[in-house]
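J.:
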Amino acid sequence: MPKTSKKKLLKLFKDHKVQLLISKFVSGELGKLNPVYDPKHGFRYPLVDEIVGESSNTNKFLQKLFEGGVLNRKLYDKIVYCPTCSSANVSIHYTCPYCKSFDIKKSSLIEHIKCGYIDTEDHFQKEDKLVCPKCNKELISPDVDHHKAGVWCSCNKCTKSFDIPVPAHFCRECKENFTFDEAIYKDVYEYSLSPEAAKEVTLGWVMIGPIMESLEDIGFKVESPGFLNGKSGTRHMFDLTAVSEKKKLITAIDLATSEDVVSDQVVISMFAKIFDTNPEKACLVAIPNMSESAKKLAKLYKIKLIEANDQTAAIKALKEYVTQ
Ligand SMILES: [Zn+2]
Ligand SMILES: [Zn+2]
Ligand SMILES: [Zn+2]
Numbered sequence: 091m092p093k094t095s096k097k098k099l100l101k102l103f104k105d106h107k108v109q110l111l112i113s114k115f116v117s118g119e120l121g122k123l124n125p126v127y128d129p130k131h132g133f134r135y136p137l138v139d140e141i142v143g144e145s146s147n148t149n150k151f152l153q154k155l156f157e158g159g160v161l162n163r164k165l166y167d168k169i170v171y172c173p174t175c176s177s178a179n180v181s182i183h184y185t186c187p188y189c190k191s192f193d194i195k196k197s198s199l200i201e202h203i204k205c206g207y208i209d210t211e212d213h214f215q216k217e218d219k220l221v222c223p224k225c226n227k228e229l230i231s232p233d234v235d236h237h238k239a240g241v242w243c244s245c246n247k248c249t250k251s252f253d254i255p256v257p258a259h260f261c262r263e264c265k266e267n268f269t270f271d272e273a274i275y276k277d278v279y280e281y282s283l284s285p286e287a288a289k290e291v292t293l294g295w296v297m298i299g300p301i302m303e304s305l306e307d308i309g310f311k312v313e314s315p316g317f318l319n320g321k322s323g324t325r326h327m328f329d330l331t332a333v334s335e336k337k338k339l340i341t342a343i344d345l346a347t348s349e350d351v352v353s354d355q356v357v358i359s360m361f362a363k364i365f366d367t368n369p370e371k372a373c374l375v376a377i378p379n380m381s382e383s384a385k386k387l388a389k390l391y392k393i394k395l396i397e398a399n400d401q402t403a404a405i406k407a408l409k410e411y412v413t414q
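Be aware that the sequence shown starts at 91, since it is given in our numbering, and climbs by one per residue.
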């Protein structure tokens, strides 16, 4: 990987939302990120919707991670959207090339091999047998005395016949008809963690997966992202929430990483969430450490601060704090 793209990758890793998604891959919860089909909206990635918070930003987020080298992608499907209302609830209509009606009948063409007569299946049908209308012989074994010679369509509206219908679309939401020309036609991808990103992850940039695992091992119910409801009615997102099985005490945990020191802003925004949601415990894990003023703020706000140089040290300190 060129140096510039590695820099880009590491920059993306500092985004908590990116960390949360990567942790799903690293923890093994996610092997591949597959789209889930929803008839109204088309394909979605519910897990990413939850991380991003706003489902309309999901595709932009995934695109950014693909361009930044965090994710690889593979074409999974193609999807048609209505050009009028953007709904994915679209059906296909095979239409008559003469009058455009979709009221057409599809039948099979049958060839009687012995006499060479070709016609649609209904012309051969005599009660429950197939009988050649030309030579009056019964057709017995498929591929021996007769075979299918293609399809034949006829229009119930204009009565014309043809072999290839014209595909068109019908929007079940706004009831508009539209052609392939007019349709919005998009790629749908399946995503996986790129080998380059996976390599960096093992170096300790992303810690949520291992933290979750170790807290679950000692009997905590851990969610990532973890959501807590505030007094104000707002639902706040923390990087992790851990609930002890015995005492039902909630610990809200946020992580902050920086190349040198983590700034005050991180402490302030965590305090705003804690003030509203009032969990029993709150902890901020700073990698590698916090600025002096941020430390003072954390103390004032009663946020437990864990400064750690690496994953192992962070997990050890966090385990001690949640079990106190
Ligand atoms: Zn529509
Ligand atoms: Zn027609
Ligand atoms: Zn015949």
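Backbone N, C-alpha and C define an ideal beta-carbon position, used for all residues, glycine too.
Since we're looking at a predicted model, the values are computed, not measured.
Looking at D344 and L374, is the spacing between their C-beta atoms short of 8 Å?
T.: In this structure, D344 lies closer than 8 Å to L374 by Cβ.
J.: Could you tell me whether the Cβ atoms of T331 and E303 are closer together than 8 Å?
T.: no
J.: Using a threshold of 7 Å, is the CB atom of E266 nearer than that to any non-hydrogen atom of ligand 1?
T.: yes
J.: Taking 7 Å as the cut-off, is the beta-carbon of Y184 closer than that to any non-hydrogen atom of ligand 3?
T.: no
J.: Measure the C-alpha to C-alpha separation of G320 and T185 and round it to an integer number of angstroms.
T.: 55 Å
J.: Tell me whether L293 sits in a helix, a strand or coil according to DSSP, three-state version.
T.: Confidence is the limiting factor: at L293 the pLDDT is only 48, short of 50, which leaves the residue's position unreliable, though a coordinate-based value still follows. It is helical.
J.: Given that a residue counts as buried once 16 or more other Cβ atoms are within 10 Å of its Cβ, and exposed if not, what is G451?
T.: With the chain running from 91 to 414 in the structure shown, residue 451 is simply not present.
J.: Sorted by chain position, which residues of the same chain lie with C-beta nearer than 6 Å to Y279's C-beta, five sequence neighbours on each side aside?
T.: R163 and Y166
J.: Leaving out the 5 sequence neighbours to the left and right, which residues in its chain are closer than 7 Å to E211 when beta-carbon positions are compared?
T.: S197, S198 and I200
J.: Just to be sure I understand the criterion: a residue counts if its Cβ is closer than 7 Å to at least one heavy atom of ligand 3. Which residues meet that?
T.: The answer, residue by residue, is H202, K204, C205, Y207, C222, K224, C225 and K227.
J.: When the Cα atoms are used, what is the spatial distance from P173 to D209?
T.: 40 Å
J.: Taking only the alpha-carbon atoms, compute the straight-line gap between K97 and I393 and give it to the nearest angstrom.
T.: 32 Å
J.: Could you pull out every residue in the same chain whose Cβ sits closer than 8 Å to the Cβ of D253, ignoring the five residues on either side in sequence?
T.: G240, V241, W242 and C243
J.: Under a three-way DSSP split, which group does L461 fall into?
T.: Here the chain covers residues 91 to 414 and nothing more, so residue 461 does not appear.
J.: From this set, K101, K168, A178 and E119, which residue's C-alpha is nearest C264's C-alpha?
T.: If we check each option's Cα against that of C264, A178 comes out closest.
J.: Should S177 be listed as close to ligand 1, given that the test is whether its C-beta is under 7 Å from any heavy atom?
T.: yes
J.: Hey, how far is the Cα of C225 from the Cα of I194?
T.: 29 Å
J.: So is the beta-carbon of T269 under 7 Å away from any non-hydrogen atom of ligand 1?
T.: Outside the cutoff, so no.
J.: Can you look up V108 in the DSSP assignment and give me helix, strand or coil?
T.: V108 falls in the helix class under three-state DSSP.
J.: Looking only at its chain, what residues have a beta carbon closer than 8 Å to the beta carbon of I274, apart from the 5 residues adjacent to it on each side?
T.: These residues qualify, in order along the chain: V170, Y171, C172, P173 and S176.
J.: With DSSP as the reference, identify every bridge partner of A376, one or two as the case may be.
T.: A346 and E397
J.: So, is Y127 buried or exposed, given that buried needs 16 or more other C-beta atoms within 10 angstroms?
T.: exposed
J.: In terms of alpha-carbon separation, which member of D218, S284 and S348 lies closest to F156?
T.: The residue from D218, S284 and S348 with its alpha-carbon nearest to that of F156 is S284.
J.: Quick check on the burial criterion: 16 or more other C-beta atoms within 10 angstroms. Buried or exposed for I301?
T.: I301 counts as buried, since at least 16 other C-beta atoms from the protein chains shown sit within 10 angstroms of its C-beta.
J.: Shorter than 7 Å, the distance from the beta carbon of E263 to the closest heavy atom of ligand 1, or not?
T.: yes
J.: Which same chain residues end up closer than 6 Å to Y335 when comparing Cβ atoms and leaving out the 5 residues on each side of it in sequence?
T.: Contrary to the premise, residue 335 reads as Glu rather than Tyr in this sequence. Contacts found: G309.
J.: Which two residues bound the contiguous alpha helix (DSSP H) that contains T425?
T.: Outside the modelled stretch of the chain, which goes from 91 to 414, sits residue 425, for which no answer is possible.
J.: In the structure shown, what three-state DSSP assignment does H213 receive?
T.: helix
J.: Nearest by alpha-carbon distance to P125: which of E119, G118 and F133 is it?
T.: F133
J.: Should S177 be flagged as near chain C, meaning a C-beta pair shorter than 8 Å?
T.: No chain C appears in this structure, which consists of one protein chain only.
J.: Tell me R134's beta-bridge partners as DSSP assigns them.
T.: V126
J.: Rounded to a whole number of angstroms, what is the C-alpha to C-alpha distance between V138 and T347?
T.: 22 Å
J.: According to DSSP, is N179 part of a helix, a strand, or is it coil?
T.: In this structure, N179 counts as coil in the three-state DSSP scheme.
J.: Between which two residues does the alpha helix (DSSP H) carrying D307 extend?
T.: I298 to D307
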